[in-house]
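Okay, structure first, notes after.
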Amino acid sequence: MELLKIENLKVNINKKPILNGINLTINAGEIHAMMGPNGSGKSTLASVLSGRTEFEVTEGKVSYLGKNLLEMPAVDRAKEGIFLAFQYPVEISGVTTANFMKTALNEKRKHLGLEPIDAMDFLQMMKEKAALVEIKNDFLHRSVNEGFSGGEKKRNEVFQMAMLEPRLAVLDETDSGLDIDALKIVANGVNRLQSKDNGFLVITHYQRLLDYIVPDFVHVLYQGRIAKSGPKELALELEEKGYDWIKKEVASQM
Amino acid sequence: MKKDLMNKINSSFLDFSKKVNGKYPKKFNEIRKNAFKNFNSLGFPTRADEEWKYADTSFIHKNDFAIFLDEEIDYQAVSDISDFLINGNNTNIVVLINGRFSEKFSKINIEAEKIKIGSLTEALNYKAATIDKHLARYASFEKDPFVALNTAFVTDGCYIRAAEGVIIENPIHILYINTAIENAPIVQPRNLIIVGECSQLKIYETYHTVGTKPVFQNAVTEIFLKRFANFEHYKVQHNNSNTYYIDTTQVRQKRASIYTSNTFSLKGSFQRNTHNAYHDDELCQSNFYGMYYLEGTDFADNHTLIEHAKANCTSNELYKGIIDDKANAVFNGKIYVYKDAQQTSAYQSNKNILLSNDAVINTKPQLEIFADDVKCSHGATCGNLDKEQLFYLLSRGISEEKAKSLLLNAFASEIVEKVSIAELRDYVKKLVCKRFETEGIYFCEGM
C-alpha cells in the first residue's frame with residue numbers, strides 16, 4: 001500500500017533552490033534510509049514533509065494516503081499519522097512530557113471520533129512505551145526535554161513516536177549525538193514499532209545507525225536530488241568509499 | 001475637577017483631625033499633620049513624575065471619590081463573607097471592611113501568646129510604644145504622595161505581631177472588603193506587621209467590593225522582620241473593573257531574615273504595587289515574585305525597590321506577564337546597592353508575552369550599584385510565544401489554540417508553583433485556568 005508519493009518536488013528557501021526534483025515512494029512496511037553529505041537537502045525534505053511553512057514549494061506533488069499533503073497544515077498531518085522525530089528536539093519548560101502526550105493523544109483520538117483516553121489506560125500505555133526506549137518514569141513527569149542530555153532527548157522523540165503510533169515516521173538525524181548504547185536503544189525502539197502497516201524515512205549521516213535499523217532501500221541525496229538509490233548494501237559502500245564517487249558520478253552526468 | 005478633590009480632602013482632614021486629636025498618641029498626631037502637609041505639597045502624581053510615567057491616574061479625578069469617617073461606613077452592607085473565603089481549613093481570617101478591622105468577621109485560631117492579630121487603632125492605644133517605634137517609620141510619606149495621604153488619615157487596618165521563636169503554620173488571610181453602595185470611597189487601610197526573631201509567618205491578601213460604585217483603595221503595609229524571621233507574603237488581585245488599587249508595601253529586614261512575596265495581578269482596571277525592601281543588616285534575603293495576566297483594558301504596574309544597604313545580602317526577583325487585548329502593564333525594578341554592601345547578590349528578571357498587537361508592556365530594570373564586589377544581573381524580555389515550541393506541539397497534532405494555552409500555562413506555572421500554601425495555589429490556578437477554559441483547556445486540573 002502506498003503511504004507517501006513524492007513527485008518532482010522542488011523547494012526554495014529565500015529564493016534559493018534547495019530541493020531540485022525529488023521522486024520517492026514509500027509503501028507500508030518499508031524502511032527507507034536517506035543519506036547524503038552536509039547541505040544536500042536532507043533536513044529540508046524532513047521539514048517540508050512535517051509541514052513547516054518557511055519553504056516555498058515551486059514545483060511537484062506530494063501525496064500522503066492519496067491526499068495532497070502540501071495543502072495540509074502541520075497539525076492535520078500529525079493527526080493523520082505523520083510523525084517527525086526532530087533533529088533538535090525543543091525544550092518546553094513547565095509542560096510535562098506526560099501532559100504533552102496526553103494532550104496530543106486525545107487530540108488525535110478526537111480526530112478519529114474516539115473518547116479521551118481513560119487515565120489509568122493512559123498511564124499503563126505510557127509505562128509500556130517508556131520501557132521500550134528505556135526511559136525512566138520520572139522523566140515523564142518532568143518538563144519536556146528540559147535539562148535532558150542529547151541522548152535523552154532523542155529517546156524522548158522515539159517515545160513520543162511510540163505513543164502516537166504514526167503511519168509514516170520521519171526520523172531526522174535521530175542518531176546524531178548518540179553514543180553506541182543510546183543508538184541501540186533508539187534503533188531497537190524503531191524496530192519494535194515497525195510493522196506491515198507503517199513506513200519509515202530514516203535520515204542519517206552515517207551508516208552506523210543502519211547496522212541496527214535495517215533499511216529496505218537506501219537513497220543518496222546530493223544537490224537536492226536523489227543521486228542514487230539501492231538496497232541496504234549501498235550504505236556499506238558509502239561508508240567505505242565516502243560520497244566522493246557519487247559526486248563524481250553526478251558531475252559526469254551533467 | 002482636580003481642585004475639587006483636593007478641597008474635599010482638605011476639609012475631610014480638618015473633620016478627621018478634630019475627631020482624632022486627643023484620641024491618638026500626641027506624637028502620632030504630629031506625624032499625621034506632617035504627612036498631610038507633604039501630601040498637599042506633593043499633590044497627586046501626573047505622567048510628568050518619573051515614578052508614574054506609564055500609569056494613567058486620571059481615575060482619581062474622574063470619579064467622585066471622597067474620604068469617609070468611621071460613622072459613615074455602611075458596615076451592614078457586608079452580611080456574609082463566605083463567598084470571599086478560600087477553602088483553607090485552619091486559615092486565620094482578618095477582615096477589613098473599608099479598611100477597618102472587623103471583629104465580627106475576623107477569625108483567629110492561634111494563641112495570643114504566639115501572635116497578636118487585631119485592629120491597628122486598638123494597638124495604637126494599648127501598645128503605643130511599640131507602634132510608635134514602627135508605624136510610619138519605613139514607608140516614606142516624605143516622597144510618596146499616596147503614602148503621605150494614607151499616613152495623614154491613618155484610621156485602622158491590621159496589626160500583626162508574631163512573638164519570638166514561633167512557627168505559625170496556618171496562614172493568615174487578610175480579606176479586604178470595600179462597600180460602595182451609595183458613595184465612591186477612598187479606602188485607606190494601614191497595616192503593620194512585625195515578625196519576631198526566628199519566627200515564621202505566612203500571609204495572603206485578597207480584595208473584594210460590595211456595591212457598584214467605584215472604589216479607590218490606597219493601602220500601606222509596613223513590615224518589620226527581626227533577626228532570622230521568615231515571612232511569606234502573597235497578594236491575589238482579581239478585582240472588578242470599578243475598583244482602583246494603589247498598594248504600597250515597605251519591608252524592613254534585620255539580620256538573616258527572609259522575605260518572600262508573590263503578587264498576582266489577574267484582573268483589574270488599575271493595580272499599582274509599590275513594593276520595597278530595605279536590608280538593615282547582613283545576610284538578609286528578599287525574594288520578589290509576581291505574575292500579571294491581563295486582558296481587555298486592564299492595567300497593572302509593579303514598581304519594586306530592593307535596597308541592599310548592608311553586605312552579604314541576596315535578592316531574587318522574577319516577574320512574568322501575559323498581556324492580551326489592549327491591556328497595559330508596567331514593571332519597574334530598581335535595585336540599589338549601597339557603597340558598603342559588598343558581596344551582594346542581586347538577580348532580577350522580567351519576562352513578558354504579548355498576545356495582541358495592542359497589548360503594551362513598559363519594563364525598566366534599574367540597577368544602581370555603588371559597591372565594587374557584587375554579583376548583580378538583570379534581564380527583561382517581551383515577545384510572542386516561542387515559534388519553535390509552538391511548532392513542536394503542532395507537529396504532534398495539538399491544535400494551535402490548545403498549543404498556545406499549553407505554553408501560556410507553562411509560562412505561568414513557574415510563578416504559580418512558588419506558592420507554598422496549597423489552598424492558595426489551587427485558588428490562583430483556578431483563576432488562571434478560567435482564562436484557558438474559554439479555549440477548551442481541560443488539563444488545568446493537572447497543572
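Here the protein sequences come in this chain order: A and B.
Counting along the first sequence from 1, when you hit position 62 you're at 62 in the numbering used here, and nothing is skipped either side.
Counting along the second sequence from 1, when you hit position 245 you're at 245 in the numbering used here, and nothing is skipped either side.
Idealized CB from N, CA, C, for every residue including glycine.
As the structure is a computational prediction, the values presented were derived from the model and not from experiment.
- In chain order, T103, E107 make up the part of chain A whose C-beta sits under 8 Å from the C-beta of K402 of chain B.
- In this structure, the alpha-carbon of I415 of chain B lies about 45 Å from that of L65 of chain A.
- Taking the beta carbon of A46 of chain A as reference, no residue of chain B falls within 9 Å; the closest one sits roughly 11 Å away.
- Close CB contacts of S241 of chain B within its chain, under the 6 Å cut and outside five residues either way in sequence, are with S269 (chain order).
- Here T260 of chain B is near E232 of chain B, since their CB atoms are less than 8 Å apart.
- L171 of chain A: member of the beta strand (DSSP E) spanning 168-172, first to last residue.
- Below the 7 Å Cβ cutoff, chain A contributes no neighbours of Q200 of chain B, its closest Cβ being approximately 28 Å away.
- Each residue's CA atom was taken as its position, placing V187 of chain B and F86 of chain A some 57 Å apart.
- Secondary structure in the region 203-227 of chain A: the beta strand (DSSP E) runs of 3 residues or longer, each lying completely within the stretch, are 217-222 in chain order.
- Using a Cβ-Cβ cut-off of 7 Å, F436 of chain B is close to nothing in chain A; its nearest Cβ partner there is about 12 Å away.
- Per DSSP, reduced to three states, the secondary structure at L114 of chain A is coil, with no helix or strand assignment.
- Residue burial is scored here from C-beta neighbours: G290 of chain B has at least 16 other C-beta atoms within 10 angstroms and is therefore classed as buried.
- DSSP, reduced to helix, strand and coil, places H141 of chain A outside both helices and strands of the structure shown, so it counts as coil.
- At a cut-off of 8 Å, the C-beta of A74 of chain A has a neighbouring C-beta in chain B.
- Counting along the chain, the unbroken beta strand (DSSP E) around N20 of chain A starts and ends at 16-27.
- When the alpha-carbon of N276 of chain B is set against those of B:G296, B:V337, B:T248, B:A256, the nearest one is in B:T248.
- With respect to L135 of chain B, L192 of chain B sits close: the two C-beta atoms are nearer than 8 Å.
- Cβ neighbours of G36 of chain A within its own chain (closer than 6 Å, five residues either side excluded): K42, V220, L221, Y222.
- Contact between G151 of chain A and L178 of chain A is confirmed by a C-beta separation of about 5 Å, below the 8 Å threshold.
- When DSSP reads this structure, V360 of chain B sits in a beta bridge with B:N328.
- Taking a C-beta distance under 8 Å as the contact criterion, N170 of chain B and N109 of chain B qualify as a contact pair.
- The beta carbon of V374 of chain B lies closer than 6 Å to those of V337, T344 in the same chain, with the five residues before and after it left out.
- Scanning chain A for C-beta atoms nearer than 7 Å to the C-beta of I322 of chain B yields nothing, as the closest lies near 13 Å away.
- Residues of the region 406-435 of chain B whose Cβ lies closer than 9 Å to any Cβ of chain A, in chain order: L406, L407, N409, A410, F411, A412, S413, E414, E417.
- Here the C-alpha atom of N34 of chain B lies approximately 28 Å from the C-alpha atom of D301 of chain B.
- Ranking B:A327, B:K26, B:I323 by CA distance to the CA of A128 of chain B puts B:K26 first.
- Around the CB of R255 of chain B, 16 or more other CB atoms lie within 10 Å, so the residue is classed as buried.
- Per the DSSP secondary-structure output, M35 of chain A pairs in a beta bridge with A:V220.
- Against chain B, a Cβ distance below 7 Å from K79 of chain A picks out G397.
- Looking at the DSSP output, H275 of chain B sits in a beta bridge with B:T249, B:T304.
- As for any beta strand (DSSP E) of minimum length 3 sitting wholly inside the region 37-121 of chain A, the runs are 56-64, 82-85, 92-96, ordered along the chain.
- C382 of chain B carries a strand assignment under DSSP once its states are collapsed to helix, strand and coil.
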